[in-house]
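For the sequence shown, UniProt numbering begins at 1 and goes up steadily by one.
The beta carbon of each residue, even a glycine, is placed where N, CA and C say it ideally should be.
Scroll down for the structure; my scribbles are underneath it.
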Amino acid sequence: MVLTGTVLLNECQKRLIILWSYRFNFMLETFMIGFLFVGISFFVSGGRPAPEQMAPALLGYLTWFFAVFAISDMSQGIREETQTGTLEQMYMSPLPSGLLLAGRSVASLFISSGMVILIGGILMLLLGIRIPVRLEGVPVFALTITGLYGFAFFMGGATLVFKQVNALSNLLTNMLLFLNGSFLTVERMPGWMEAFARSLPSTQGIDVLRRVVLDNMSLASVWQDGSLVWLTVHTVVFLFAGWGVFLWGERVARRRGLLGQY
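This is the structure in structure tokens:
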């Protein structure tokens, strides 16, 4: 337990140091994320965005941001360590690589949560958007985030083998933005597209979050209608599938001697 806490603390300190070292880039990214939401909302609403219409969009958009941060942080982190020659050091550590990456994921979640609170708070203040805080949303959020980081491990495994996966990462994050229901609910999509969109990470989480946080539905209600059940199954599948792909990527990278090569 103490060892796990030390790993988490070290990873958090490392990420904060890196973030502070590149704080100018951090501020620009924060501005870009906020500006992107305002711009898309403006066009989707026909130039007349209303606060009550923007609340569901903002909730979905901030969830999408967690997905972007999880996917890019995992793949870019592994790629950068490969480039700098420090990836092999992680596998030379007496600690399991899975524990180190779990610590990195928790550190990533803390940082992305801080950015979401900052960006979301500013947008809510400037645009008059109100998103109530409900405790029922906590387990739904936890399930959604767990599935997202499971998917991030899939990207980590692909990075270990193929090294350059920027195109895949950008494709997936952009696809999520427009297909996970952040701005256009999946019910308004064609049947085949709705089925595909619901299979993506974060789509079901956004749907259940809106029902619980904005529509004041109870956890029992969303469980009975099957939406929370599907989210739970979705999360378990992405978590174990992503971890399985990562372990496969590790084995392939070790066998081919790719851990120290870029």
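Top-ranked residue by Cα proximity to residue i, from the options
i: residue 33; options: 144, 115, 204, 181; result: 115
i: residue 219; options: 183, 140, 190, 145; result: 140
i: residue 61; options: 200, 234, 38, 132; result: 38
i: residue 125; options: 250, 87, 78, 58; result: 58
i: residue 134; options: 214, 65, 117, 82; result: 214
i: residue 167; options: 31, 75, 44; result: 75
i: residue 101; options: 243, 118, 35; result: 243
i: residue 63; options: 136, 177, 196; result: 177
i: residue 250; options: 206, 81, 161, 49; result: 161
i: residue 81; options: 190, 164, 185; result: 164
i: residue 237; options: 200, 254, 255, 206; result: 200
i: residue 173; options: 198, 188, 192, 202; result: 202
Cβ shell of residue i (< 8 Å), same chain only, five flanking positions each side left out
i: residue 240; result: 150
i: residue 131; result: 55, 58, 59, 120, 124, 213, 214
i: residue 10; result: 103
Cutoff 6 Å; reference residue i; Cβ partners in own chain excluding five residues on either side
i: residue 246; result: 153, 156, 157
i: residue 19; result: 26
i: residue 105; result: 149
i: residue 73; result: 108
i: residue 15; result: 107, 111
i: residue 44; result: 183
Collapsed DSSP secondary structure at residue i in the structure displayed
i: residue 134; result: coil
i: residue 225; result: coil
i: residue 247; result: helix
i: residue 181; result: coil
i: residue 257; result: coil
i: residue 164; result: coil
i: residue 46; result: coil
i: residue 201; result: coil
i: residue 218; result: coil
i: residue 190; result: coil
i: residue 149; result: helix
Neighbourhood of residue i by C-beta distance below 7 Å, restricted to the same chain and skipping five residues each side
i: residue 222; result: 208, 211, 212, 228
i: residue 230; result: 204
i: residue 12; result: 107, 110
i: residue 145; result: 66, 109
Buried versus exposed call for residue i [16 or more other C-beta atoms within 10 Å across all chains shown]
i: residue 175; result: exposed
i: residue 147; result: buried
i: residue 233; result: exposed
i: residue 264; result: No answer is possible for residue 264: it lies beyond the span of the chain, which begins at 1 and ends at 262.
i: residue 180; result: buried
i: residue 71; result: buried
i: residue 23; result: exposed
i: residue 169; result: buried
Extent of the continuous alpha helix (DSSP H) run through residue i
i: residue 108; result: 97 to 127
i: residue 80; result: 51 to 84
heavy atom of the ligand MG below 6 Å from residue i C-beta
i: residue 195; result: The ligand content of the structure shown is nil, which means the ligand MG is not present either.
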